Amino acid sequence: MSTLIRGGTVVDAETSCRADLLVVDGRIAAIAEGLEAPSGAAVVDAGDRLVIPGGIDPHTHMQLPFMGTVASDDFYTGTAAGLAGGTTSIVDFVIPNPQQSLMEAYTTWRGWAEKAAADYGFHVAITWWDESVHADMGTLAREHGVASFKHFMAYKNAIMCDDEALVSSFTRCIELGALPTVHAENGELVFRLQKQLVAQGITGPEGHPLSRPPAVEGEAANRAIRIAEVLGTPLYVVHVSAEQALEAIARARGEGQRVFGEVLAGHLLVDDSVYRNLDFTFAAGHVMSPPFRPRHHQDALWAGLQAGHLHTTATDHCCFCAPQKAAGRDNFTLIPNGCAGIEDRMSLLWHYGVGSGRLTPSEFVRVTSTNAAQIFGMYPRKGAIRIGADADLVLWDPVATRTISASTHHQNVDFNIFEGRTVSGVATHSFTRGLLAWADGDLRAVRGHGQYLKRATGGAYIEASAKRRG
Ligand code: URQ
Ligand code: ZN
Ligand code: ZN
13 MSTLIRGGTV VDAETSCRAD LLVVDGRIAA IAEGLEAPSG AAVVDAGDRL
63 VIPGGIDPHT HMQLPFMGTV ASDDFYTGTA AGLAGGTTSI VDFVIPNPQQ
113 SLMEAYTTWR GWAEKAAADY GFHVAITWWD ESVHADMGTL AREHGVASFK
163 HFMAYKNAIM CDDEALVSSF TRCIELGALP TVHAENGELV FRLQKQLVAQ
213 GITGPEGHPL SRPPAVEGEA ANRAIRIAEV LGTPLYVVHV SAEQALEAIA
263 RARGEGQRVF GEVLAGHLLV DDSVYRNLDF TFAAGHVMSP PFRPRHHQDA
313 LWAGLQAGHL HTTATDHCCF CAPQKAAGRD NFTLIPNGCA GIEDRMSLLW
363 HYGVGSGRLT PSEFVRVTST NAAQIFGMYP RKGAIRIGAD ADLVLWDPVA
413 TRTISASTHH QNVDFNIFEG RTVSGVATHS FTRGLLAWAD GDLRAVRGHG
463 QYLKRATGGA YIEASAKRRG
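For any residue, its number in this note's numbering is found by taking its place in the sequence shown, counting from 1, and adding 12.
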């Protein structure tokens, strides 16, 4: 099976140039001007469009069992929606219950993900600690290509990882050449503030951001960063939403510490006024953690992305329909936390990033694809346009526009936090390992086409940190 993608402008994280691409058996076989189509090859005319590496979303939760329900996008519907927006790989999360075997949870998630329409990897969360966790981390890293382990510093009495487990797991990550990542919110403070607010009679969604002020995120981010500093491991902070967390990252980086930051499209664009909307469904539809912040935090996050203190963009795609969110109608602490985004991330970053002059097209590729591939051990198989790489390719129309709406999106959820926004920059074609899964509005995602991504431990960033430890 081969395809000639003709006449486009190839844009990668470094540069752009006019070139044809020949795809053979799911991989890029040739990149040059004037390529001839082999007999029997399909030909796709890129016209005036760009050809970019398929987007990588390093933070999704398809069909996550959480807060008494299950996220409404599963591994097929969620990855199919991603393909419709130009995202061709995800890194999702295995989240064991406390005391649950990591290998048992991993096997469960692997089973769920077999129906995926695009390729997927897993971060594995450390939600408890004993010697079996230590051993399972080794098996996962050495035999199953798990190159990163997640630590939720929030969600007390559920999946929260205390400092003892954090230090033990970070230490184990160093032994394995794996990257620790954190959800940085102080779960003890959140728990205390939630109780206080409910006791004061503040039970609506407006209580959600009040229970998770920026300082709660800033403290946890700095704590995780300093633990990583003392132990000598790189660190990746997911969904940085507050200036205080960004400042902690920037300071550490300025001191020479290797800390990576991730920012969600939602935190770049949505502010906390949504929680004061009197319509419960609207306000609850925006309940995720960390919460959306006042606008000045967004300006800081954009500046952090431009300055290189934030490296990847993601969505934390973990969506719940209105009836699910209604579980918290009388108590905001019961509203399932999470929002959608996988279908809209790329267009939003193009429109508000490149369209505003904050990002060049190559910087857009870097923060939507290449950095995630390099940080999480998938490069250059993913995140690159080079011979031998997977043919995860997107034809990108930089001027076409579309209006985002739950009434038209492909995500399996009845709400969209970007509802009504008209954005420029549209994926017109998405190839996943050479399969054309999205073409001019026709979603042809194939259930089960996605493959599990075994990711490499001990990458360049890990090796550099090992040298600094001496
Ligand atoms: O915290 C996360 O990343 C998961 C549980 C999704 N929910 C959320 O509110 N971010
Ligand atoms: Zn999180
Ligand atoms: Zn998450």
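Built from N, CA and C at the ideal position, the CB exists for glycine as well.
Just so you know, these numbers come straight off a predicted model, no measurement behind them.
Quick check: what's the CA-CA separation for residue i versus residue j?
i           : j           : result
residue 128 : residue 211 : 43 Å
residue 87  : residue 28  : 33 Å
residue 136 : residue 103 : 10 Å
residue 287 : residue 371 : 30 Å
residue 449 : residue 54  : 14 Å
residue 301 : residue 416 : 23 Å
residue 321 : residue 455 : 36 Å
residue 314 : residue 268 : 22 Å
residue 241 : residue 273 : 15 Å
residue 174 : residue 255 : 24 Å
residue 408 : residue 253 : 28 Å
residue 214 : residue 222 : 10 Å
residue 362 : residue 197 : 29 Å
residue 410 : residue 141 : 48 Å
residue 97  : residue 146 : 38 Å
residue 481 : residue 150 : 21 Å
residue 388 : residue 419 : 34 Å
residue 143 : residue 79  : 28 Å
Please report the Cβ distance between residue i and residue j, rounded to the nearest whole angstrom; I am assuming they are in contact, meaning their Cβ atoms lie under 8 Å.
i           : j           : result
residue 201 : residue 228 : 5 Å
residue 382 : residue 100 : 13 Å between Cβ atoms; not a contact.
residue 380 : residue 325 : 6 Å
residue 342 : residue 276 : Going by Cβ atoms, the distance from residue 342 to residue 276 rounds to 28 Å, so no, they are not a contact pair.
residue 182 : residue 261 : Going by Cβ atoms, the distance from residue 182 to residue 261 rounds to 16 Å, so no, they are not a contact pair.
Identify which residue in the options has its Cα closest to the Cα of residue i.
i           : options            : result
residue 360 : 299, 150, 73, 280  : 280
residue 44  : 426, 445, 124, 17  : 17
residue 154 : 189, 143, 253      : 189
residue 160 : 259, 459, 431, 250 : 250
residue 93  : 158, 69, 116, 81   : 69
residue 426 : 444, 392, 409, 333 : 333
residue 4   : 64, 347, 232, 388  : For residue 4 there is no data in the structure shown, the boundaries of the chain being 13 and 482.
residue 133 : 390, 263, 435      : 390
residue 459 : 91, 48, 267        : 91
residue 462 : 253, 278, 477, 402 : 402
residue 166 : 192, 121, 367, 233 : 233
residue 298 : 236, 340, 261      : 340
residue 431 : 472, 231, 294, 466 : 294
residue 58  : 75, 76, 22         : 22
residue 434 : 424, 423, 413      : 413
residue 85  : 331, 112, 351      : 331
residue 355 : 305, 422, 396      : 422
How would you call residue i, buried or exposed, if buried means at least 16 neighbouring beta carbons within 10 angstroms?
i           : result
residue 308 : exposed
residue 394 : buried
residue 8   : Nothing can be reported for residue 8, as the shown portion of the chain is limited to 13 through 482.
residue 204 : exposed
residue 119 : exposed
residue 399 : exposed
residue 106 : buried
residue 337 : buried
residue 310 : buried
residue 452 : exposed
residue 264 : buried
residue 207 : exposed
residue 162 : buried
residue 319 : exposed
residue 187 : exposed
residue 67  : buried
residue 477 : buried
residue 172 : buried
In terms of residues, what are the limits of the alpha helix (DSSP H) holding residue i?
i           : result
residue 314 : 307–319
residue 9   : One cannot answer for residue 9 here, as it falls past the ends of the chain, which runs 13 to 482.
residue 205 : 199–211
residue 175 : 175–188
residue 261 : 255–266
residue 192 : Note, residue 192: premise wrong, no alpha helix (DSSP H); beta strand (DSSP E) at 191–195.
Could you give the first and the last residue of the continuous beta strand (DSSP E) run that contains residue i?
i           : result
residue 276 : 271–276
residue 23  : 14–23
residue 55  : 54–57
residue 522 : The requested residue 522 is not part of the displayed model; the chain covers only 13 to 482.
residue 32  : 28–36
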